[in-house]
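Protein chains in written order, with my numbering: chain A, 1 to 519; chain B, 1001 to 1174; chain C, 2001 to 2728; chain D, 3001 to 3126. Virtual Cβ for every residue (Gly too), placed ideally from N, Cα, C. Computed from a predicted structure; not experimentally measured.
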């Protein structure tokens, strides 16, 4: 029941807030923060008593949810409330619960209007995000996947910047476009295979069986159908990641979003895409994955180089970080698509890293924005002198972001690139140029913002970080170093799950064997 | 004889219906409703639906028509206030559509009525229990109050609700 | 040998437990200064930093004594701490490994590091944030120690990037000048380009050997743990490797198996043998899990790996084409230039090649490339150095040039001499930089040599020590610099004798020309700075004074080492025979010569030649600048070559035009063309299409009841007509 | 109320007074009513046209009731031939209700907007 509680807890916390009045904003903030802290505490067993069962999932639970029977009493639609975590999703849930209190704390002064609604939206968002990672039922996954859009839509649309409506509409339509296609493919898969329910593992088995059926059998999953379904799923997740040609919603959404929104968006929501690839696309469509993984690796490499180049020319620091996200997620997905254990391990690790370092960057930018109300890099210059602590924090996070050893970024980047290299050396080499480009754009921005002489009088008296802000950043900075020095625990955790997902990968021999067994 | 009556009634109905629809002033429309209802009643009688005919006359001719007249007087539309209603194009297009509708329905009627049905239509009528005649009050009352009891009651509820609604709606705001 | 320095060497077990202190002291120093330094007084912050460095040096010295002087220590001190990164392709832990090679480096790093900390206490005494400076310096020491002592190549990479970071921070230490920050950034980015090569090298190593450890894990034994060695079983003539062999175990095994005489070559993959191991796993073979597209010839792969790693080295050790950052790095405080950009960090490329020298020894192609790049760099930088006016720029280019010499040595197969030149160069170049710092300090931060002159009387200590340093740099026979440089050039000539490869002759001549240039610009510097009239302004003149003892003491110590270093340490490095046998003191095996006499025959002509060019260079410098009054002025010169040299042959400008500018333009173009116009155009275009389409459709919604009724009517009619046709 | 015809009106005739004729007549009246609904802009006329359409339907019901006149309600046949007429009765009831409510809405609308022209009724469009 742990996972159910984890999912329900934020909603339960949000319920009394509906009754509260806007005037009690302070109490509301504290309450919402306490709720997220409670969620952190509740999620701790995911780390400490994680013991996967026979199917690879720990904390499994299954409840009946929706069941439709036809006139003959045969079940034709069976959606379960099935939850469970493996090594990957448990870490992503932990990341979610870890980031939420930080996001809450960071919105303390940033959010000034409609505070009650804001915190309610954040709590609902947390529920949806945990649900995405905990669901083992495909339909449930889809429900949470979509449900997470709505609070985000509101968060950007209500508390966002000047062009918030454009950004939030773009964000939602972009992502919903992909996921609706996914929904069609999902139903197709379910009804085509005649599976008993939407359980991911069972659907995988059903699909594998459908693939081996003889040509002409109505239940046969043809290559064509598989490829269409693959693209439907892949597009949904690629948009969410986002991979190269479908990334343009991200900069707008990030720039317009309020700081906590950016943090959650970068830290958790982007991970849903990569997670979806691993959890759903890899097992479901191994043939298509085998066919297209090279293409996707190329896309990732393009994303790395392209995202870095875009980041380099940005004038808005938040946009710069948003484009760097494109590059980082490219690295991360390169590892995943390399289909090597090291690469997938690194990919998942890089997801966590990106969640930590990029959200730290967004937090820092948000703090600066609160002081000066501008994000233009050219506005600043030389502020290292007036805000030394802030500068130090920013540089530490920057270093993590560009993958300096002993920070978390290095481990993730190194293993991802190694995975890519072992799969395809040329792509590995090209992807590794991201190491250079990352340093170029980040340090260039750091130089322009923090170094040099202060030209503006008001920047000389900029306020340095206060206690609350230090509290917000401290866990992230600690995590940056801890994960850089001791990645082993994470890698051990990820390994069985990664091997499971790679194990689904397609080889012609395997299929022949399966066909023989079927006969 | 019945043929003649039917043809006369049908011609009256169609003519007056056309006039109802085409008169610019609604007062005339209402006036032409009277021959229309009379024609209808005649046809009902010819169809042996005597009770229905009487109800038709009472409800339509007695109630609805009068209500329309009342309303026209109430809102007091003077002819000169009425705007030009005849946009040639829409008039023509809708006439075309209505004509097409009539044609298709006529075609359906033509195709759908078999000889068998015509024979049944023209055949002699069996006498009801209790010695009632088809279409008479008794012959309608028995099924109405036995099998159709609930719809009948529901219809009365509907009328009550409609009455209340009409009163509430048209009540002047205090 | 070193009993007189450290009278009591602790036991091996005690040393193993103390080894961690070597990196820990500087790290703690960094933490103390970094976290609380703001509240410290300036001298105290310096004191903390210096003590941290000194303590580290003392522990390192004890370890080194153990490694060199005891029987058990010969295999090195090796401690493995916690696991760091475990993946299915490789695994590595935090481990420290002092063998004979790293012991040289660790002493240079901590020893010279300590001296420069001491010097900095004086030099930085008036700076606003001394604590920050010492925090960075200590962090640098920490990272450098990791680089040198790491027991796997990933740890080396940690240090490698870490020192790059410190270099970035220290170059931009005075960040309020945008120029300095830019120089720091340039250094970091250029280094990163090299790091890309290093990274690729590591990847290939993992693909080929499946490990990143240099040696296998230590085994607990009597009186301390021992690292098992790869040996040739005397009876069976079989190669026995330890379990879970490291890179060096593999290379040693390959050498013992295949390189029986000088014509042997490495086999193709198909013939790879299995090596016997001592433990329960009976045999082990090189995994060679090579991805498609790299070929599967072991020799080819090793060449590829070596070239990748060497690209990494060119970044950090400022070789062509990546040397451009080092001259700019002089924007940092002078002690930083001395420590990081002369003595230690920039030599880490050489260290890395030596660390894996047994791998490089397999690849003649890679060695030839290294030699060629080294020679080109040595000459090119020396030519630029001829005309520079900034005292630190001259030294910076001379550093680049000297690093080139080191690579010449490595490329000629004389790894020991490369390391020897690292050592002597650390002495004299640190000395020169510190001396230059002392001059700059005295001249109120003036760096232009045109405004100096006649300082020998006012700064006697500085003058004397710098003169010694210059003699060493110029390669005057008897000085430490001469010992190393002369031997490197002799080896190249020997190599030519041996292989009759004309390239080696070309490299040799380049080296000789560079040596001449070196002697010339070095003494040009000395004459312009210390002789003639003082050309500074009155105010500056008034302030000229000798530096405090904290600055003079390191100068004296380094001067002694620069002068006598060759005699003291030469025996450890210089090859007596041409056989390439392992040096007892260095555990390095140079690439053997085919003919025993090749090297011997090269020594005498080379000795004469180098001596002559050094004296010629000094003489020419004396004739041109020695009498004073002949002040160079590049702006007025019409000599094109002179101008080109003064402008660094426009390398920066060429890079800007070829790489930086196109990158900016393409990025900007892509941003507008691709992102905003194409992709967003498509996305928003789709949205616009829907919007415009629906505004067309909107017309249908007239709001007129009749229209809707008409729609119903026509729908009905259409349906009826359909039925009419369909239902016959 | 009502009066009972003691004779079978149709049986002696034939000719035009047959089912087909009745149905076609109903169709024509219905179409005229539909025409009125679609073409007229005066809500009053539209409502009257609606009554026309309802009457046409009544006619169809009555015709078919006549066709089923021989169906008698008995123990083994629950359906009576009068059911068509009964349905027509219900329609008349509903028509009355509809007219009442419709006209009431019309009055209220007129009171507020001073118009009964559908061209002015576009509030929902804005």
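I believe residue i touches residue j by the beta-carbon criterion, under 8 Å. Please report the beta-carbon distance rounded to the nearest angstrom.
i              : j              : result
residue 1075/B : residue 3030/D : Actually they are not in contact, since the Cβ atoms of residue 1075/B and residue 3030/D sit about 28 Å apart, beyond 8 Å.
residue 329/A  : residue 417/A  : Actually they do not touch by this definition, with Cβ atoms about 14 Å apart.
residue 91/A   : residue 348/A  : 7 Å
residue 2195/C : residue 422/A  : Contact doesn't hold; Cβ gap of about 19 Å is too wide.
residue 3107/D : residue 1020/B : 21 Å between Cβ atoms; not a contact.
residue 2290/C : residue 2212/C : The pair is not a contact, with the Cβ atoms about 16 Å apart (cut-off 8 Å).
residue 441/A  : residue 322/A  : Between residue 322/A and residue 441/A the Cβ distance is about 12 Å, and since that is not below 8 Å, they are no contact.
Between residue i and residue j, what straight-line distance do the alpha-carbon atoms span, to the nearest angstrom?
i              : j              : result
residue 2025/C : residue 2055/C : 7 Å
residue 2318/C : residue 2052/C : 29 Å
residue 2612/C : residue 2049/C : 44 Å
residue 375/A  : residue 107/A  : 17 Å
residue 2193/C : residue 2179/C : 21 Å
residue 408/A  : residue 345/A  : 13 Å
residue 2657/C : residue 2186/C : 15 Å
residue 1034/B : residue 1151/B : 29 Å
residue 2353/C : residue 2309/C : 8 Å
residue 2366/C : residue 2254/C : 18 Å
residue 237/A  : residue 303/A  : 15 Å
residue 2217/C : residue 2227/C : 6 Å
residue 2392/C : residue 2431/C : 12 Å
residue 2337/C : residue 2436/C : 10 Å
What is the residue span of the alpha helix (DSSP H) that residue i lies within?
i              : result
residue 264/A  : 259-264
residue 2538/C : 2538-2543
residue 1109/B : 1088-1112
residue 327/A  : 317-337
Excluding the 5 residues flanking residue i on each side, which residues of the same chain have their C-beta closer than 6 Å to its C-beta?
i              : result
residue 128/A  : 144, 147, 148
residue 209/A  : none
residue 2325/C : 2186, 2187, 2190
residue 3001/D : Here residue 3001/D scores only 36 on pLDDT, less than 50, and its place in the model is too uncertain to base an answer on.
Taking the continuous beta strand (DSSP E) assigned at residue i, which residues delimit it?
i              : result
residue 2474/C : No beta strand (DSSP E) contains residue 2474/C, which is instead part of the alpha helix (DSSP H) from 2460-2474.
residue 380/A  : Premise fails: residue 380/A is in no beta strand (DSSP E) and is neither H nor E.
residue 2626/C : Careful: residue 2626/C lies outside any beta strand (DSSP E) and carries neither H nor E.
residue 3042/D : No beta strand (DSSP E) holds residue 3042/D; DSSP gives it neither H nor E.
With a threshold of 8 Å between beta carbons, is residue i in contact with chain F?
i              : result
residue 2709/C : Here chain F cannot be found, since the structure's protein chains are A, B, C and D.
Beta-carbon within less than 8 Å of residue i's beta-carbon, same chain only, minus the 5 sequence neighbours each way: which residues are those?
i             : result
residue 325/A : 250, 254, 266, 270, 307, 354, 358
residue 446/A : 394, 395, 398
Can you give me the Cβ contacts of residue i inside the same chain, cut-off strictly under 7 Å, excluding the 5 residues immediately before and after it?
i              : result
residue 293/A  : 337, 339
residue 2147/C : 2156, 2159, 2160, 2163, 2348
residue 2013/C : 2223, 2224
Is residue i near the ligand COA, judged by its Cβ being under 7 Å from some heavy atom?
i              : result
residue 2367/C : Here there are no bound small molecules, and the ligand COA is not part of this structure.
Report task. Could you run through the region 2101-2130 of chain C and flag, in chain order, every residue whose CB is less than 7 Å away from some CB of chain A? Result -> none
Query raised in the report: Quick one, which residues of the region 1088-1102 of chain B are near chain C if we go by CB-CB under 8 Å, in chain order?
Result: 1090, 1093, 1094, 1097, 1098, 1100, 1101
Requested in this report: With 7 Å as the C-beta to C-beta threshold (strictly closer), list the residues of the region 1010-1021 of chain B near chain D in chain order.
Outcome: 1010, 1013, 1014, 1017, 1018, 1020, 1021
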